[in-house]
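Counting in this note's numbering, the sequence shown runs from 1120 upward without gaps.
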Amino acid sequence: MAIACVAALAPAARAQPLETAGATTCDVRAFAIDPDSKGTNVRSGPRANAPVIGRLVPLTRIERDTLVGVEFDIVGSKEGWLLIRNGRPEGGLILDAAHKADGRGWISGRLAATTLALPAFRSAPRRDAPEVARLMGDISGPDGSWGPYSVAISAVHGCEGGYIEVTVTRPRGKPARGWSYKPCAAQLTTCDGGMTE
C-alpha cells in the first residue's frame, strides 16, 4: 500500500522542487499527532496548497488509550510550517521518488508536538531573553508537582537553532506562547535529565 501511495504522488513532486527560501534553520525533535487514519501529508512547501510529496504514517496504538506518532527532526520552519526529516521508526516518513534522496518535506505545526525539557520558557530564541513563564510548580491536590514535561502543547509555531516556539497550557493555567530550548521527542517518558540552556 505504501508503494502505491508513493507512486501516486510522484508526478506532483517532479513538478515542484522543495521550497526552502525564507525558512529558519534549527535542530530540534518532535513527533506527529495528526489523528487522520491515513497519516500526515508531507508537502513540497510551507503552505496547505503545496503539492503532497509524501506522508508520515498514522499514529500507532500501543495500548487501549495510548497512541504514539512518528518521531522526526525539525530542521527548519516558516509561518507555522515545519521542515522535517529522519522519521523514526524507519519507514515512518515516506517520500516520493523525486524527494527521497533529499529526505525532507513540510508539515503543518498544528500536526506536531514535542516534549519540553527545561522550565525556562522564553520570549525569544535566546538564553538571555526574558522568561514568559516558568514551567514548573507545585499544585496542591492529587496532581502534585509538575515540570515542563507536564504541559500540553497545542501548537508548534516555529524553531530557530536549538529552540522551538510553542503554545502550551500549564496544569490549571492559561495558555502561553514562548520558546523552549532543546525539546525531545519522548512521548511516553520525560526528556533525559542533565540538560541546561
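Yeah, the Cβ is synthetic: ideal placement off N, Cα and C, and Gly gets one too.
Residue i in three-state terms, based on DSSP
| i | result |
| --- | --- |
| Lys1197 | strand |
| Ala1149 | strand |
| Ala1305 | coil |
| Thr1315 | coil |
| Arg1299 | It is Ser, not Arg, that sits at residue 1299 in the sequence shown. Here Ser1299 sits in strand by DSSP. |
| Leu1230 | helix |
Length of the line joining the Cα atoms of residue i and residue j
| i | j | result |
| --- | --- | --- |
| Val1065 | Val1287 | Because the chain is modelled from 1120 through 1316, residue 1065 falls outside the range shown and cannot be assessed. |
| Leu1175 | Glu1279 | 23 angstroms |
| Leu1264 | Pro1294 | Note that residue 1264 is Ser in the sequence shown, not Leu. Near 18 angstroms, if we compare the C-alpha coordinates of Pro1294 and Ser1264. |
| Arg1207 | Phe1150 | 9 angstroms |
| Arg1245 | Ala1232 | 21 angstroms |
| Leu1201 | Asp1257 | 33 angstroms |
| Leu1128 | Ser1163 | At Leu1128 the pLDDT is 48, less than 50, meaning the model places this residue with poor confidence; the figure from the coordinates comes in the next sentence. Their Cα atoms are separated by approximately 11 angstroms. |
| Gly1292 | Gln1135 | 44 angstroms |
| Ala1180 | Arg1229 | The sequence shown places Arg at residue 1180, not Ala. Computed Cα separation, rounded: 20 angstroms. |
| Ala1217 | Glu1138 | 13 angstroms |
9 angstroms Cβ cutoff met for residue i and residue j
| i | j | result |
| --- | --- | --- |
| Gln1306 | Gly1188 | yes |
| Phe1145 | Tyr1300 | Reading off the sequence shown, one finds Cys at residue 1145, where the question assumed Phe. Against a cut-off of 9 angstroms, the Cβ pair of Tyr1300 and Cys1145 comes out as no contact. |
Residue i - containing alpha helix (DSSP H), residue span
| i | result |
| --- | --- |
| Ala1216 | 1216-1219 |
Delimiting residues of the beta strand (DSSP E) encompassing residue i
| i | result |
| --- | --- |
| Arg1253 | 1250-1253 |
| Arg1162 | 1159-1162 |
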